[in-house]
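Working notes for the structure below.
Numbering (this note's numbering), first residue to last: 1440 to 1519.
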């Protein structure tokens, strides 16, 4: 299971349409692979039965608020 929570500032909510996911050092855009399985909202998203290939993964998650301020976090995971 994967759960991602967005916490915006009080003066501007998160804009879910700006959500992007990039994979690896080359930052390959895999947003469409993620968003076909989840609905991204202003609060984030969750996926109960994520199908992730075995190996080490480095994902960069990006989202902007209504004032176009960008937030980016890196997620590293190792799947056996």
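In this text, a Cβ means the ideal position worked out from N, Cα and C, and glycines have one as well. Computed from a predicted model, the values in this text were never measured in an experiment.
{"Asked": "Beta-carbon contacts of residue 1503 that lie in its chain and below 6 angstroms, excluding the five residues immediately before and after", "Found": "1454, 1457 and 1509"}
{"Asked": "Residues bridged to residue 1502 (per DSSP)", "Found": "1510"}
{"Asked": "Whole-angstrom distance between residue 1494 and residue 1481, CA atom to CA atom", "Found": "30 angstroms"}
{"Asked": "C-alpha gap between residue 1518 and residue 1492, whole angstroms", "Found": "7 angstroms"}
{"Asked": "Simplified DSSP assignment, three categories, for residue 1481", "Found": "coil"}
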